[in-house]
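Engineer: Quick note on numbering: the sequence shown equals residues 21 to 182 in this note's numbering. Let me begin by handing over the structure; questions about it come next.
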Amino acid sequence: MDNPRSDQPPYFLRSKRLGFRPWSEQDLSLAIGLWGDTTERKHGVQYWPLFLLEDGEHVGCCGIRPYDPTQRLYELGVHIRSSYWGRGLAEEAASATIDYAFEKLGATALFAGHKPKNNASRRLLEKLGFQYTHAQLYAPNGPRTPLVPSWAWAQTRLEAIS
Ligand SMILES: CC(C)(COP(=O)(O)OP(=O)(O)OC[C@H]1O[C@@H](n2cnc3c(N)ncnc32)[C@H](O)[C@@H]1OP(=O)(O)O)[C@@H](O)C(=O)NCCC(=O)NCCS
Numbered sequence: 021m022d023n024p025r026s027d028q029p030p031y032f033l034r035s036k037r038l039g040f041r042p043w044s045e046q047d048l049s050l051a052i053g054l055w056g057d058t059t060e061r062k063h064g065v066q067y068w069p070l071f072l073l074e075d076g077e078h079v080g081c082c083g084i085r086p087y088d089p090t091q092r093l094y095e096l097g098v099h100i101r102s103s104y105w106g107r108g109l110a111e112e113a114a115s116a117t118i119d120y121a122f123e124k125l126g127a128t129a130l131f132a133g134h135k136p137k138n139n140a141s142r143r144l145l146e147k148l149g150f151q152y153t154h155a156q157l158y159a160p161n162g163p164r165t166p167l168v169p170s171w172a173w174a175q176t177r178l179e180a181i182s
């Protein structure tokens with residue numbers, strides 16, 4: 021699928037307003053723009069970069085990464101640049117990613133974790149159909165991280181997540 025920037029790989033996935041492509045070596049400035057903003061840095065996730073289809077602007081990242089590969093469980097993550105918050109882009113990106121995970125990658129279930137006080141994440145996950153399953157140590161944040169609520173996509177095999 022076309023990307024308006026001919027020096028970059030084509031989009032492999034599109035939603036109504038967004039295009040997804042892999043990271044490239046030229047993307048350092050995009051990563052700094054996303055994670056260098058202290059408004060956003062505290063949440064830290066990394067996935068495919070996202071671009072507005074209408075003008076190619078980088079708005080954040082969204083995607084999945086392996087959670088339990090033997091059971092085809094993936095972890096969903098989304099991170100939108102603060103200047104684009106409140107426009108429904110996280111919901112749009114995550115919805116496209118969820119469809120991609122189940123339909124193209126054969127996921128059996130999706131997991132998502134968030135900090136207890138991150139109301140934006142909780143609301144977003146509720147809207148996407150995730151259901152609270154349990155609290156667990158969230159490994160990506162390191163062994164000293166306190167227990168945080170973790171959420172799991174309720175479509176299939178919730179019992180596999182523990
Ligand atoms: C969480 C985040 C992805 C939301 O992005 P966004 O594009 O502003 O979200 P959307 O516009 O799609 O909103 C989705 C829902 O979340 C709600 N929401 C967004 N920010 C919120 C906030 N600060 N507090 C409460 N609800 C919030 C929206 O109101 C909307 O629900 P509604 O339709 O009932 O009003 C964004 O704030 C972000 O990137 N934060 C840093 C990284 C992070 O926390 N990622 C989440 C990991 S799961």
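Just so you know, even glycine gets a beta-carbon here, dropped at the ideal spot from N, CA and C.
(1) Out of curiosity, what's the CA-to-CA distance linking residue 54 and residue 69?
(2) To which residues of the same chain is residue 37 closer than 8 Å at the C-beta, ignoring the five residues directly before and after it?
(3) Ligand 1 and residue 85: does the residue's C-beta get closer than 7 Å to at least one heavy atom of that ligand?
(4) Alpha carbon to alpha carbon, how far is residue 42 from residue 97?
(5) Given residue 33, which residues of its chain have a CB within under 7 Å of its CB, disregarding the five upstream and five downstream residues?
(6) Since residue 80 contacts residue 104 with CB under 8 Å, what's their CB separation in whole angstroms?
(7) Along the chain, where does the beta strand (DSSP E) containing residue 83 start, and where does it finish?
(8) Run through DSSP, which three-state label would residue 68 get?
(9) Please say whether residue 140 and residue 94 have beta carbons closer to each other than 8 Å?
(10) Shorter than 7 Å, the distance from the beta carbon of residue 140 to the closest heavy atom of ligand 1, or not?
(11) Assuming residue 109 is part of the alpha helix (DSSP H), what are its boundary residues?
(12) Is residue 131 near residue 67, with beta carbons less than 8 Å apart?
(13) Report the rounded CA-to-CA distance for residue 106 versus residue 89, giving the unit in angstroms.
(14) Would you list the one or two residues that DSSP bridges to residue 95?
(15) Reducing DSSP to helix, strand and coil, say where residue 34 ends up.
(16) The alpha helix (DSSP H) that contains residue 105, what's its start and end?
Structural biologist: Per the coordinate set shown:
(1) Cα to Cα, the separation comes out at about 10 Å.
(2) Non-local C-beta neighbours of residue 37 in its own chain, meaning closer than 8 Å and more than five positions away in sequence, comprise 72, 73, 74, 109, 112, ordered along the chain.
(3) No, the Cβ of residue 85 stays beyond 7 Å of every heavy atom of ligand 1.
(4) For the pair residue 42 and residue 97, the Cα-to-Cα distance works out to about 15 Å.
(5) Excluding positions up to five away in sequence, the list reads 40, 116, 120.
(6) The C-beta separation of residue 80 from residue 104 comes to about 7 Å, placing the pair in contact by the 8 Å criterion.
(7) Unbroken beta strand (DSSP E) run through residue 83: 78 to 88.
(8) Residue state for residue 68 is assigned as strand, using DSSP reduced to three classes.
(9) No, they are not a contact pair.
(10) Indeed, a heavy atom of ligand 1 lies less than 7 Å from the Cβ.
(11) Residue 109 -> alpha helix (DSSP H) spans 109 to 119.
(12) No, the pair does not count as a contact, with Cβ atoms beyond the cut-off.
(13) Answer to the nearest angstrom: the Cα atoms are 33 Å apart.
(14) As DSSP reads the structure, residue 95 sits in a beta bridge with 85, 131.
(15) Annotated three-state conformation of residue 34 is strand, per DSSP.
(16) Residue 105: not part of any alpha helix (DSSP H); DSSP gives it neither H nor E.
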